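Protein chains: 2
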Amino acid sequence: MSEIPALPPEHPLQTRTAGSPIIRAARGEPVERTPVWFMRQAGRSLPEYRALREGVDMMTACNTTDLIVEITMQPVRRHGVDAAILFSDIVVPLRAAGIDVEIQPGVGPVVADPVTTSDGVTRIGALGDISQIEAAIQMLTRELADKPLIGFCGAPFTLASYLIEGGPSKDHAKTKAFMWSEPAVWHDLLAALSRLCGEFLRAQILAGASAIQVFDSWAGALAKPDYETYVLPHSRALLDSVADLGVPRIHFGVGTGELLTSMAVPECEVVGVDQRVRLADGITRIGPEHSVQGNLDPAALFAGEDVVHSRAAEIVAAGANARGHIFNLGHGVLPPTDPAVLTNLVAFLHEQSDR
Amino acid sequence: MSEIPALPPEHPLQTRTAGSPIIRAARGEPVERTPVWFMRQAGRSLPEYRALREGVDMMTACNTTDLIVEITMQPVRRHGVDAAILFSDIVVPLRAAGIDVEIQPGVGPVVADPVTTSDGVTRIGALGDISQIEAAIQMLTRELADKPLIGFCGAPFTLASYLIEGGPSKDHAKTKAFMWSEPAVWHDLLAALSRLCGEFLRAQILAGASAIQVFDSWAGALAKPDYETYVLPHSRALLDSVADLGVPRIHFGVGTGELLTSMAVPECEVVGVDQRVRLADGITRIGPEHSVQGNLDPAALFAGEDVVHSRAAEIVAAGANARGHIFNLGHGVLPPTDPAVLTNLVAFLHEQSDR
Chain S
239 MSEIPALPPE HPLQTRTAGS PIIRAARGEP VERTPVWFMR QAGRSLPEYR
289 ALREGVDMMT ACNTTDLIVE ITMQPVRRHG VDAAILFSDI VVPLRAAGID
339 VEIQPGVGPV VADPVTTSDG VTRIGALGDI SQIEAAIQML TRELADKPLI
389 GFCGAPFTLA SYLIEGGPSK DHAKTKAFMW SEPAVWHDLL AALSRLCGEF
439 LRAQILAGAS AIQVFDSWAG ALAKPDYETY VLPHSRALLD SVADLGVPRI
489 HFGVGTGELL TSMAVPECEV VGVDQRVRLA DGITRIGPEH SVQGNLDPAA
539 LFAGEDVVHS RAAEIVAAGA NARGHIFNLG HGVLPPTDPA VLTNLVAFLH
589 EQSDR
Chain L
239 MSEIPALPPE HPLQTRTAGS PIIRAARGEP VERTPVWFMR QAGRSLPEYR
289 ALREGVDMMT ACNTTDLIVE ITMQPVRRHG VDAAILFSDI VVPLRAAGID
339 VEIQPGVGPV VADPVTTSDG VTRIGALGDI SQIEAAIQML TRELADKPLI
389 GFCGAPFTLA SYLIEGGPSK DHAKTKAFMW SEPAVWHDLL AALSRLCGEF
439 LRAQILAGAS AIQVFDSWAG ALAKPDYETY VLPHSRALLD SVADLGVPRI
489 HFGVGTGELL TSMAVPECEV VGVDQRVRLA DGITRIGPEH SVQGNLDPAA
539 LFAGEDVVHS RAAEIVAAGA NARGHIFNLG HGVLPPTDPA VLTNLVAFLH
589 EQSDR
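Residue numbers (my numbering), protein chains in the order written: chain S, 239 to 593; chain L, 239 to 593.
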């Protein structure tokens, strides 16, 4: 089991959420029931979110204390999930570091002036003002009391892909060409992104986040040798940079069946598994030193209650063989999801585990 | 080794291409050099293709004998690849069966009136007139002489996803919900698609195609138990439907690391491996009963000659441990690829293997 350094005893995180099922499961401590939260639980599946976002662009919403607090709390109130996830976006720290990036509806992050091999690392400044976000976290953790707030950031590879491609990419061809043809510049760029995201995570934890997740949404585009050579060292450095704060760290990527054994580094406590891998297989690959998170297919939420319940029960049963298990979807909640289905799933899981 | 039924001795395929490196490698017979072709070698990477397609929509191009012949031959002439792949699209047989489907530039196939659980299978008619395609294949095989023409079709799951989603989808949520909530209708739909594609493959082979590939572009969206329950039986039926014609059958999907062991069915001779899996690992999963195809990352073609050559050499070396190895990309040629890089790669591979 990887050693988690202790927080200073006077730090409020030390006691506030330590007994919550999410934190206990993340640390591999016994829990009475499988805890659950959902990636993108705060967002477009909720009518109250869509109402609040009307006329407000995503980047503004991510940098406005009141909106962050309200949007983060909406799914906690509605679904009764066991943790809140900070309402933010993986490109928020890029913007706070001076990169001209917008989040366009229906597209995703768009970078005005993509990074090239000739400018590379010089474009990544220090993390600027995120006081609106820190204030939101302070308010949230007071309101959440013993329920954890999960902070997060993007992994260096995924952020690099947005920076180099200029937006979402299916093939990541420019990113990979950069990586293979200019490895020294690449490593500098990823190290800079790792430092930037580390600052962002640290600020979230110091403001009150009880756990963090690193999202490597695009890692699954890489074969294992490339992932291990060009990407993993920087993700490890990022995760390690908050080791002294002692909160559980979740390492998650999409389409990572080939990478799970590599992602289960000592610098994280939990590895997320997407829906393409049977959780039982994921647990085997991840091993007994880590807890796991996942992995109901977000598409299952459209298939009716019987399908949702039977698949969720299978996942809970498989999770019993992990060091610890946090129930989640294999990827984010899809915008057309009926929120009543999520509420029902949380209730089902809470009953299941009480048996 | 799976048994390949013999073609009637008078059939021209019996002798015309049987000695070609592609066919020999597919059958696991010794070859002097690793043969190579590229998925999407006929297409947007070539200026002569773009010139020919000006003002001609994709569906028209796929159904016009002269265009099919010319576009199919362009990469053979330019690159010296070891096989031609029929210029077509996986939705061509859907259109020939009466489905209103267009191929929109920059989008892909768009189905005017998506299939639902209430109409399902009734929408899949018999294969209509494909005489323009058959005539093209007859002309091509004469021109290609002892070089194989590879025919192809989409796999039932991938076609079902287009039909149900109405176009390309990232999450396939409607498709999966259909599959899980209405399994009987689902199986009828996939069986109908399997029959339709089987007719299309048979027509291609009888007109002169020396090998076929079944493209399951979206199979990687499924976890293995779902793939085996809802999809694989129909892909097997499709592959089996042309078993009596005795041409090698290639079974390929994208993001199929979890599925390779399942995809290596007795009804195919070759399993394609995408770039996310090390070819050596793919060969282990596929086993000694099948040849393999793949798997250079299409993005590597943007990283300079040294990267291309060193990665290609690694793949050739790994392929030596398979029953047989056909070199290919892990997925299709990306449109911005410099065709000179492909020509250079073919030359490099032909030199390599002659050593």
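Backbone N, C-alpha and C fix where the C-beta goes; we use that ideal spot for every residue, glycine too.
This structure is a prediction, so every number in the text was calculated from the model and none was measured.
At a Cβ threshold of 8 Å, is residue i touching chain L?
i                      : result
residue 513 of chain S : yes
residue 293 of chain S : no
residue 572 of chain S : yes
residue 590 of chain S : no
residue 582 of chain S : no
residue 405 of chain S : no
residue 411 of chain S : yes
residue 556 of chain S : no
Kindly list the residues whose CB is nearer than 8 Å to the CB of residue i, restricted to its own chain and excluding five residues on each side of it in sequence; keep chain order.
i                      : result
residue 370 of chain S : 301, 302, 303 and 306
residue 587 of chain S : 271, 272, 274, 550, 554 and 565
residue 421 of chain S : 468
residue 438 of chain L : 330, 331, 334, 365, 368 and 391
Taking only beta-carbon atoms, is residue i less than 8 Å away from chain S?
i                      : result
residue 516 of chain L : yes
residue 418 of chain L : yes
residue 421 of chain L : no
residue 458 of chain L : yes
residue 613 of chain L : Absent from the structure is residue 613 of chain L, since the part of chain L shown begins at 239 and ends at 593.
residue 495 of chain L : yes
Nearest-angstrom Cα distance between residue i and residue j?
i                      : j                      : result
residue 450 of chain S : residue 510 of chain S : 12 Å
residue 367 of chain L : residue 459 of chain S : 40 Å
residue 264 of chain L : residue 517 of chain L : 16 Å
residue 425 of chain S : residue 393 of chain S : 14 Å
residue 513 of chain L : residue 412 of chain S : 16 Å
residue 414 of chain L : residue 399 of chain S : 29 Å
residue 351 of chain L : residue 338 of chain L : 7 Å
residue 556 of chain S : residue 462 of chain L : 15 Å
residue 480 of chain L : residue 527 of chain L : 19 Å
residue 355 of chain S : residue 493 of chain L : 28 Å
residue 436 of chain L : residue 580 of chain S : 41 Å
residue 279 of chain L : residue 464 of chain S : 25 Å
residue 552 of chain L : residue 321 of chain L : 22 Å
Apart from the five residues just before and just after residue i, which ones in its own chain have a Cβ nearer than 7 Å to its Cβ?
i                      : result
residue 341 of chain S : 296, 297, 327, 329 and 347
residue 445 of chain S : 372, 375 and 376
residue 584 of chain L : 274, 317, 318 and 319
residue 560 of chain L : 521, 529 and 530
Between which residues of its own chain and residue i is the CB-CB distance below 6 Å, once the five residues before and five after are set aside?
i                      : result
residue 364 of chain L : none
residue 336 of chain S : 363
residue 575 of chain L : 283 and 539
residue 255 of chain L : 261, 384, 386 and 448
residue 523 of chain L : 498 and 499
residue 487 of chain S : 450, 477, 506 and 507
residue 547 of chain L : 586
residue 483 of chain S : 443
residue 572 of chain S : 536
Could one say the Cβ of residue i lies closer than 8 Å to chain A's Cβ atoms, at least one of them?
i                      : result
residue 399 of chain L : The question asks about chain A, but that chain is absent: this structure's protein chains are S and L.
Provide the residue span of the alpha helix (DSSP H) that contains residue i, from first to last.
i                      : result
residue 423 of chain S : 421-445
residue 449 of chain S : Segment 449-454 is the beta strand (DSSP E) holding residue 449 of chain S; no alpha helix (DSSP H) there.
residue 397 of chain L : 394-403
residue 557 of chain S : 543-557
residue 534 of chain S : Premise fails: residue 534 of chain S lies in the beta strand (DSSP E), 529-534, not in any alpha helix (DSSP H).
residue 330 of chain L : 330-334
residue 473 of chain S : 470-478
residue 279 of chain S : First-last for residue 279 of chain S: undefined, no H or E at that position.
residue 259 of chain L : 259-265
I'd like the span of the beta strand (DSSP E) that includes residue i, first residue to last.
i                      : result
residue 347 of chain S : 346-349
residue 520 of chain L : No beta strand (DSSP E) contains residue 520 of chain L, which is instead part of the alpha helix (DSSP H) from 517-524.
residue 488 of chain L : 487-491
residue 290 of chain L : Residue 290 of chain L -> not in any beta strand (DSSP E); alpha helix (DSSP H) instead, spanning 285-291.
residue 563 of chain S : 563-567
residue 509 of chain L : 508-510
residue 340 of chain S : 339-342
So is the beta-carbon of residue i under 7 Å away from any non-hydrogen atom of the ligand NAD?
i                      : result
residue 373 of chain L : The ligand NAD is absent from the structure shown, which contains no ligands of any kind.
Against chain S, which members of the segment 381-395 of chain L pass a CB distance test of less than 8 Å?
none
Short-range partners of chain L found in the segment 539-551 of chain S, where Cβ spacing is below 9 Å:
539, 540, 541, 542, 544, 545 and 549
Members of the segment 435-464 of chain L that neighbour chain S once the beta carbon cut-off is set at 9 Å
458, 459, 460, 461, 462, 463 and 464
Taking Cβ-Cβ distances below 7 Å as the criterion, which residues of the segment 330-359 of chain L are in contact with chain S?
none
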